[in-house]
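Participant: Quick one: this structure, given as structure tokens, is what I'll be asking you about.
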Amino acid sequence: MQKTVVIDIVGLSTSVIGEHTPFLQKFIAQNHLKHIKPAFPAVTTTSQSCYITGKNPDEHGIVGNGWYDREACEMKFWKQSNNLVDAEKIWEAAKRKNPEFTVSKMFWWYNMYSSADFSATPRPQYHSDGVKVPDCYTFPADLRDKLQAKYGTFPLFKFWGPNTSIECSKWIANAALEVDKDHDPTLTLIYLPHLDYCLQKFGVDFNKISKDLTEIDKLVEETVNYYQQKKANIILLSEYGINNVSNPIHINRILRKNGLLSVRVESGLELLDCGASKAFAAADHQIAHIYINDLSEKERIKDILSKVDGIRLIMDEEEKKKHHINHTRAGDLVLMARADSWFTYYYWFDDKVAPDFARSVDIHNKPGYDPVEMFMNPANPLIKLRAAYKLARKLLGFRYRMDVIPLDASLIKGSHGTLDINKEYYPVLISNQNLSTEIAATDVYQVIWDSIFGYEKTK
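Just so we're aligned, residue 335 is where the sequence shown starts under our numbering, counting upward by one.
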């Protein structure tokens with residue numbers, strides 16, 4: 335078996351490789367770069383699941399970063415159990431072929447209760463007083479203690495939110511190297527999210543993202559240099575590229591305006607009432623799942639959506655089959671945005687009645703993905719003082735709510751998920767394998783397999 339490392343540089347595409355990424359340019363010159371035809375939807379959990387199973391969402395079941403649980407009548411985003419991926423993973427097939435095979439899975443998603451030999455993933459502590467404490471979950475369990483003793487507590491608030499930085503990607507890279515030094519796994523999967531932040535906040539604007547590009551380039555260089563000394567095959571890849579957007583679509587507000595979406599008022603604030611709604615959307619970057627409780631409204635909903643500016647495609651059953659997303663978790667309709675557009679989860683008409691979690695970083699309570707969590711409210715000149723005051727209350731042991739996030743979707747300048755993009759925004763794969771053509775997301779599995787075992791079919 336050939337030792338192999340797969341480094342996921344989130345958001346990397348040829349649109350951002352250039353003068354600010356000298357190491358990546360050098361690595362590409364010494365290897366081969368191929369475009370990956372994006373998975374659909376081109377989001378983190380779906381893309382990764384395609385890569386490690388060789389299957390599409392209609393088989394592995396990961397139809398997005400979240401979906402609606404029809405039995406519990408609850409929206410569920412960013413769950414972590416590996417059991418949600420309904421297909422065999424590459425390391426399970428590899429262990430059957432050679433029981434001496436081992437894998438280290440560092441911050442790739444669905445990383446709890448998996449069959450990986452070594453793993454780590456974000457897992458904050460939620461205390462009864464509402465405090466969220468940075469932490470991570472590992473297997474074996476004592477790996478957490480070792481990593482945090484050496485590198486400090488996992489920097490959760492640098493991983494997501496308005497304070498994101500290169501610090502979290504450095505922590506993850508260090509964790510991967512630490513496991514490698516101790517256990518020398520056959521396959522290592524490393525997730526470096528740094529570009530995901532700046533590209534969604536600012537789009538492909540080199541005046542604003544050049545520093546971030548330089549930072550990730552240097553970190554990748556350090557990581558690659560280590561693995562080259564270990565004589566490992568190195569695969570650099572991404573899950574998607576991020577293109578510029580300027581048209582947020584408030585899909586749930588559209589459904590509500592047409593009498594399809596219901597809310598429940600609690601303490602004067604509105605909560606989306608999925609189970610009582612005729613229809614609602616699970617918004618996820620540039621795609622949205624439309625769940626319809628009253629199927630007699632389906633044709634009317636399609637007609638309403640056909641008139642919405644920015645929707646590229648409305649997928650009914652046949653289109654869902656064509657795009658390999660015809661799974662029970664998927665919406666009754668699936669929407670794909672135009673390249674310049676994306677979907678918000680917002681469902682209220684008046685910000686005064688927005689739910690309390692809307693102005694906080696709260697990825698599990700929000701019924702959809704919210705990239706605006708990467709900003710502090712720019713309309714409030716005292717917002718940093720407010721955040722400092724809230725932090726002081728936390729340190730003193732008082733209950734607090736960090737309600738500093740704006741409700742302005744126009745702040746977001748980059749997104750991903752749609753297939754309606756130019757090739758310069760496709761994800762990429764860089765390796766020593768001279769692949770002859772553009773590859774599908776499901777083909778990444780075979781590329782990794784061939785790196786480990788040589789050129790043979792896995793099945």
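A virtual CB, placed ideally from N, CA and C, is assigned to each residue, including glycine.
Model, not experiment: these values are computed from the prediction.
For Pro391, report the span of its alpha helix (DSSP H) as first-last.
Facilitator: That run of the alpha helix (DSSP H) goes Pro391 to His394.
Participant: Among Asn699, Pro701, Arg693 and Gly702, whose alpha-carbon lies nearest the alpha-carbon of Phe709?
Facilitator: Nearest option by C-alpha distance: Arg693.
Participant: Along the chain, where does the beta strand (DSSP E) containing Cys795 start, and where does it finish?
Facilitator: Since the displayed the chain opens at 335 and closes at 793, residue 795 lies outside it and no answer follows.
Participant: If you compare alpha carbons, which of Lys655, Thr522, Asp539 and Thr520 is closest to Leu529?
Facilitator: Per the Cα distances, Asp539.
Participant: Flag this pair as touching only if the stretch 493-509 and the stretch 393-403 have three or more C-beta atom pairs under 8 Å; answer yes or no.
Facilitator: Taking 8 Å as the limit for Cβ pairs, the verdict is that the stretch 393-403 does not touch the stretch 493-509.
Participant: Shortest alpha-carbon distance to Lys591 belongs to which of Gly602, Tyr680, Gly644 and Lys504?
Facilitator: Looking at the Cα atoms, Tyr680 is the closest of the given residues.
Participant: Quick one: is Val668 buried, meaning 16 or more other Cβ sit within 10 Å of its Cβ, or exposed?
Facilitator: Val668 is buried by the Cβ-count criterion.
Participant: Is the beta carbon of Ile524 sitting closer than 9 Å to the one on Val340?
Facilitator: Cβ distance < 9 Å, so Ile524 and Val340 count as in contact.
Participant: In whole angstroms, what is the alpha-carbon distance linking Gln336 and Tyr779?
Facilitator: For Gln336 and Tyr779, the distance between alpha carbons rounds to 15 Å.
Participant: For Ser438, does the count of other Cβ atoms within 10 angstroms reach 16, so buried, or fall short, so exposed?
Facilitator: Buried, since its Cβ has 16 or more Cβ neighbours within 10 Å.
Participant: Just verifying my parser: in three-state terms, what is the DSSP assignment at His698?
Facilitator: Looking at His698 - three-state DSSP - the assignment turns out to be coil, as it is neither helix nor strand.
Participant: Grab the span of the alpha helix (DSSP H) containing Lys515 for me, first residue to last.
Facilitator: From DSSP, the alpha helix (DSSP H) with Lys515 extends over Ile500 to His517.
Participant: Between which two residues does the alpha helix (DSSP H) containing Val419 stretch?
Facilitator: Neither: Val419 is in no alpha helix (DSSP H) and is coded neither H nor E.
Participant: What does a CB cutoff of less than 6 Å around Ala721 pick up in its chain, not counting 5 residues either side in sequence?
Facilitator: Confidence at Ala721 is low in this model, with a pLDDT of 49, below 50, so its placement is unreliable and no value can be given for it.
Participant: If I measure Cβ to Cβ from Lys389 and keep anything under 6 Å in the same chain, skipping five residues before and after, which residues do I get?
Facilitator: Within the same chain, Lys389 has close Cβ partners Ala421.
Participant: Under 7 Å Cβ to Cβ from Lys504, same chain only, skipping five residues before and after it: list those, please.
Facilitator: Answer for Lys504: Leu553, listed in chain order.
Participant: Taking the straight line between their C-alpha atoms, what separation do you get for Leu458 and Asn699?
Facilitator: A small correction: the amino acid at residue 458 is Pro; Leu does not occupy that position in the sequence shown. Their Cα atoms are separated by approximately 15 Å.
Participant: In terms of residue numbering, what span does the beta strand (DSSP E) encompassing Val339 cover?
Facilitator: Counting along the chain, the beta strand (DSSP E) containing Val339 begins and ends at Thr338 to Ile343.
Participant: Can you name, in chain order, every residue of its own chain whose Cβ lies under 6 Å from the Cβ of Ala615, other than the five neighbours on each side?
Facilitator: So the qualifying residues of the chain are Ile585, Asn586, Ala622 and Ile624.
Participant: In the DSSP output, what is Ile575 paired with across the bridge?
Facilitator: Residue identity check: residue 575 is Gly in the sequence provided, not Ile. Per DSSP, Gly345.
Participant: Measure the alpha-carbon distance for Trp412 versus Leu595 and round it to whole angstroms.
Facilitator: Roughly 23 Å separates the two Cα atoms.
Participant: Output needed for Ile648: all residues of its chain with C-beta closer than 7 Å, excluding positions within five of it in sequence on either side, in chain order.
Facilitator: These residues qualify, in order along the chain: Lys636, Leu639, Ser640, Leu667 and Leu669.
Participant: Helix, strand or coil for Trp401 per DSSP?
Facilitator: In this structure, Trp401 counts as strand in the three-state DSSP scheme.
Participant: Using C-beta distances below 8 Å, list every residue in its chain close to Leu729, excluding the 5 sequence neighbours before and after it, in chain order.
Facilitator: Residue placement at Leu729 is flagged as unreliable, the pLDDT there being 48, under the threshold of 50; a coordinate-derived value is accordingly withheld.
Participant: Rounding to the nearest angstrom, what Cα-Cα distance links Asp357 and Gln767 in this structure?
Facilitator: Contrary to the premise, residue 357 reads as Phe rather than Asp in this sequence. Each residue's Cα considered, the two are about 19 Å apart.
Participant: Take Thr455 and list the residues in its own chain whose beta-carbon comes closer than 7 Å to its own, dropping the five residues that flank it on each side.
Facilitator: Counting only Cβ-Cβ distances below 7 Å, and skipping sequence neighbours, we find Gln414, Phe441, Asn445, Met446, Cys470 and Tyr471.
Participant: Buried or exposed for Ser572, going by 16 or more other Cβ atoms inside 10 Å?
Facilitator: Buried, by the Cβ-count rule.
Participant: Report all residues from its chain with a CB closer than 6 Å to the CB of Ile569; omit the five preceding and five following residues, and keep chain order.
Facilitator: Val340 and Ser765.
Participant: In the DSSP assignment, find the beta strand (DSSP E) that holds Arg663 and state where it starts and stops.
Facilitator: Element bounds for Arg663: n/a, residue is neither H nor E.
Participant: To the nearest angstrom, report how far apart Glu434 and Ala507 are at their CA atoms.
Facilitator: Answer to the nearest angstrom: the Cα atoms are 24 Å apart.
Participant: Please state the DSSP three-state secondary structure of Lys565.
Facilitator: If DSSP states are grouped into helix, strand and coil, Lys565 belongs with coil.
Participant: Is DSSP giving Asp742 helix, strand or coil here?
Facilitator: Of the three classes helix, strand and coil, the one that applies to Asp742 here is coil, per DSSP.
Participant: For Glu600, which beta-bridge partners are listed by DSSP?
Facilitator: Answer is Leu603, bridged to Glu600.
Participant: Please state whether DSSP places Val762 in a helix, a strand or coil.
Facilitator: Here Val762 sits in strand by DSSP.
Participant: Excluding the 5 residues flanking Thr487 on each side, which residues of the same chain have their C-beta closer than 6 Å to its C-beta?
Facilitator: Here the set comprises Pro468.
Participant: Whose CA, out of Ile697, Pro701 and Leu741, lies closest to the CA of Phe683?
Facilitator: The residue with the shortest Cα to Cα distance from Phe683 is Leu741.
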